[in-house]
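Same order as they appear, the protein sequences are chains A and B.
Every letter in the first sequence is one number past the one before it in our numbering, and letter 190, counting from 1, is 190.
Every letter in the second sequence is one number past the one before it in our numbering, and letter 85, counting from 1, is 85.
Report on one structure; see the data block that follows.
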Amino acid sequence: MQSASSSQHKPGDLAVSVQHLGLTYTTTIDRRPTLKARLRTLGRGTKHTRIVRALDDVMLDVPYGSVLGVVGANGAGKSTLMRVISGILPPSQGRVEVYGKVSTLLALGVGFNPALSGRENVQLGGLAAGMSRKEIEAHFEEIADFAELGDAIEAPMRTYSSGMFARLGFSVAVTVRPDILIVDEALSTGDAKFKEKSLNKIKELRSDARALILVSHGLGTIRGVCNEVAWLHKGTLIQRGEPNEVVDAYEKFLKVGKSAAINEDV
Amino acid sequence: MEKLGVAPVEVYEPFRAGLPPLGRYWRSLWARRSFISEYSRSELHSRHFDTVFGQVWLIINPLLLSGVYFLLIVIIGGHSDKVRYAHLTACLFLFYFVANTLTGGSRSVVKGQKLILNTAFPRIMLPISAALVALIRFLPTVVVFFVIRTIIGLPLGWAMLWAIPVVLITAMMALGLSILISCLNVYFRDVANFLPYFSRTWLYLSPILYEVSALKPEIRKFEVFNPLFPILDSWSRTLVHARPPQMASLLQGLAWALGFLIIGIYYFLSRERDFAVRV
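Shown next, in the form of structure tokens:
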């Protein structure tokens, strides 16, 4: 169903449109929100929640047939942006329009239950994402082959190494062919061989009928693969445009920012 | 970028407080119904994965449980007969169905953290799965009870069919409680810690270790506050004594069940969009 629907998109058609997107959320200050802490401070006016401004007025268009790279320091809001695009977090301001089926396989979602085997995790993740049993069956062999896990696919995921986790996550993300594919940091773990293999896969997926959003700290990959790069910092979009231009600016910022950050911390 | 004539497949906008569009929510939930059964199946499978007896624990557990409590009432009560043992077993099994739903439900959302953070789906599937797990664990205990009942030699009767609506009402109540407590536990993690003591107290306040007829009238005045009281009374009447239940008890149980279900669903649905930043 997903692969069939992808053929109707022409390159240049809008895939994702992010308009004035803002996201604020209240989160607990306490590490674990408990009743006891609530009761102890009852009537004292102590706040248990604080407001976090994760995204602020972000504008972004992703057309079909292109690859958008997203870069930014830790905590810049990259993953949050991806979660809004895939409908996991509702925006606080603005609007996100999605013209196609998004794969919500941010690599971390696979392996949500470490007591279950890799196979069960993949199946359950797929079912939760709204795929049918048949679709999952059809893709499963390919996923297992690409991840190169061998018999370990039947073992509980608590026995997996972090590399195996990442490999399975990436395989799921790229094998299930959605219209809009989001790959979040999946390339960063895994050995050199798998890294190359996954890079090749990304290049292969860069077809006209699909839009790709690639979140990565691997700036070399971003330069090599993307048509456009967006740079986020503390929830705001600093710059977007030509990959080399933006990555150069970002790299420069990282070097300068290091000393600036040290000054800020004091 | 050509936009004319193409409608977005999904639009995400800020939501107002209150319920999400229910029709859409229901369709999305229905499309994922196989997740619920598959998830429950894997949960059950992994629960006894490492044990020697494996799935046989589904039978051993209730047997040991009824044995322990029978020992207790024999020592404290000084006497016992087979009807009392049957009553104890039947009611204990039904009670543990509800208690297991509470335990499973309370952890369901928090346990699904990774899934919630990375996939868009109706979150209510998690407590529903937890309730289903408890239901599947309950079914073998009914078989165990019927074996015990046959060995003891209690009379059979058509009135025992009333047990079916009683189970349905209990399942409805369990589902409501599971949904409610899963949401509560997101905001107050203490709930899961507090729960075993709550369950234990509820067990002693319900007509399980004793029969309703053994209670003093002054204490029976408070029975209306115990949602399980009318249910367990009907359950014991139908299954142990093979008599029809009192209609008033059934309706009272149904009212509690519907109440929990409606409050639970409302509370959960109006809160669930907040879960991704709270778990």
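The beta carbon of each residue, even a glycine, is placed where N, CA and C say it ideally should be.
This structure is a prediction, so every number in the text was calculated from the model and none was measured.
Query raised in the report: Would a C-beta distance cut-off of 8 Å place A/Ala209 and A/Pro63 closer than the cut-off?
Result: Contact: no.
Requested in this report: Could you have a look at B/Pro8 and say whether DSSP puts it in helix, strand or coil?
Outcome: coil
Query raised in the report: By how many angstroms is the C-alpha of B/Val142 removed from the C-alpha of B/Phe70?
Result: 18 Å
Query raised in the report: Is there a Cβ from chain B that is less than 8 Å from the Cβ of A/Pro178?
Result: no
Query raised in the report: In three-state DSSP terms, what is A/Thr34?
Result: Reduced to three states, the DSSP call for A/Thr34 is coil.
Query raised in the report: Bridge partners of A/Gly69, per DSSP?
Result: In the DSSP output, where bridge partners are listed per residue, A/Gly69 has A/Leu214 and A/Val229.
Requested in this report: Tell me whether the beta-carbon of B/Gly264 lies closer than 8 Å to the beta-carbon of B/Gly157.
Outcome: no
Report task. Taking all protein chains shown into account, decide if A/Met59 is buried (16 or more other Cβ within 10 angstroms of its Cβ) or exposed. Result -> exposed
Report task. Give the secondary structure of B/Val74 by DSSP, where H, G and I count as helix, E and B as strand, and everything else as coil. Result -> helix
Query raised in the report: Do you know offhand how far B/Val280's Cα is from B/Leu269's?
Result: An answer regarding residue 280 of chain B cannot be provided, because it is not within the stretch 1 to 279 covered by chain B.
Requested in this report: In the DSSP assignment, find the unbroken alpha helix (DSSP H) run with B/Thr19 in it and report its ends.
Outcome: The sequence shown places Leu at residue 19 of chain B, not Thr. Looking at the DSSP string, B/Leu19 is not in any alpha helix (DSSP H), and its letter there is neither H nor E.
Requested in this report: Could you run through the region 115-141 of chain B and flag, in chain order, every residue whose CB is less than 9 Å away from some CB of chain A?
Outcome: Leu115, Ile116, Leu117, Asn118, Thr119, Ala120, Phe121 and Met125
Query raised in the report: Out of curiosity, what's the CA-to-CA distance linking B/Leu4 and A/Glu97?
Result: Confidence is the limiting factor: at B/Leu4 the pLDDT is only 47, short of 50, which leaves the residue's position unreliable, though a coordinate-based value still follows. Cα to Cα, B/Leu4 sits roughly 14 Å from A/Glu97.
**Report entry** Endpoints, beta strand (DSSP E) assigned at B/Asp190
**Finding:** It is not in any beta strand (DSSP E) - B/Asp190 instead sits in the alpha helix (DSSP H) that spans Asp190 to Leu205.
Query raised in the report: In whole angstroms, what is the alpha-carbon distance linking B/Pro20 and B/Leu44?
Result: Cα-Cα distance, rounded: 31 Å.
Query raised in the report: Among residues of its own chain, excluding the 5 on either side of A/Ala261, which ones have a beta-carbon nearer than 8 Å to its beta-carbon?
Result: Model confidence at A/Ala261 stands at a pLDDT of 48, short of 50, so the residue's coordinates are unreliable and nothing is read from them.
Query raised in the report: In chain order, what residues of the same chain lie with their CB nearer than 7 Å to the CB of B/Leu205, ignoring the 5 residues before and after it?
Result: Excluding positions up to five away in sequence, the list reads Asn226.
Query raised in the report: What's the C-alpha gap between B/Arg292 and B/Leu58?
Result: Residue 292 of chain B falls outside the range modelled here, since chain B spans only 1 to 279, and no answer is possible.
Query raised in the report: Considering A/Asp57, what are the terminal residues of the beta strand (DSSP E) in which it resides?
Result: Thr49 to Pro63
Query raised in the report: Are the region 111-126 of chain B and the region 202-222 of chain B touching, with three or more C-beta to C-beta distances below 8 Å?
Result: no
Query - Beta-bridge partners of A/Ser103, as assigned by DSSP - result: A/Leu181
Query raised in the report: If you measure from the beta carbon of B/Ser42 to each beta carbon in chain A, is any gap under 8 Å?
Result: yes
Report task. Could you tell me whether any Cβ in chain B is nearer than 8 Å to the Cβ of A/Ser92? Result -> yes
Report task. Would you grab the beta carbon distance between A/Gly22 and A/Leu68 for me? Rounded to a whole angstrom, and I think it's under 8 Å. Result -> That pair is no contact at about 20 Å.
Query - DSSP three-state assignment for A/Pro11, whether helix, strand or coil - result: coil
Query raised in the report: Which residue from A/Thr221, A/Leu168 and A/Tyr99 puts its Cα closest to that of A/Val16?
Result: Ranked by how close their Cα comes to the Cα of A/Val16, the residues A/Thr221, A/Leu168 and A/Tyr99 have A/Tyr99 in first place.
Query - B/Pro230 at chain A interface by Cβ criterion, 8 Å - result: no
Requested in this report: Would you check if there are 3 or more beta carbon pairs closer than 8 Å linking the region 129-136 of chain B to the region 100-118 of chain B?
Outcome: Contact holds: three or more Cβ-Cβ distances are below 8 Å.
Query raised in the report: Going by the beta-carbon positions, is the gap between A/Arg83 and B/Ala31 smaller than 8 Å?
Result: Against a cut-off of 8 Å, the Cβ pair of B/Ala31 and A/Arg83 comes out as no contact.
Query raised in the report: So which residues on chain B does A/Ser86 lean against when the C-beta distance must stay under 7 Å?
Result: Ala120
Query raised in the report: Is the beta carbon of A/Ala249 less than 8 Å from the beta carbon of A/Arg240?
Result: no
Query - Pick from B/Val166, B/Ala86, B/Ser37 and B/Leu92 that is closest to A/Leu127, judged by C-alpha positions - result: B/Ser37
**Report entry** Within chain B, the residues that A/Ala128 reaches when beta carbons sit closer than 7 Å
**Finding:** Arg32, Phe35, Leu115, Thr119 and Phe121
**Report entry** Close Cβ partners of B/Val191 (< 8 Å) along its chain, the five nearest in sequence each way excluded
**Finding:** Ser106, Ile181, Leu184 and Asn185
Query raised in the report: In its own chain, which residues sit with a C-beta less than 8 Å from the C-beta of B/Ser236, not counting the 5 before and 5 after it?
Result: His87, Ala90, Cys91, Pro207, Glu211 and Val212
**Report entry** Among A/Arg206, A/Leu205, A/Leu232 and A/Ser207, the one whose alpha carbon lies nearest that of A/Ser216
**Finding:** The option with the nearest alpha carbon to A/Ser216 is A/Leu232.
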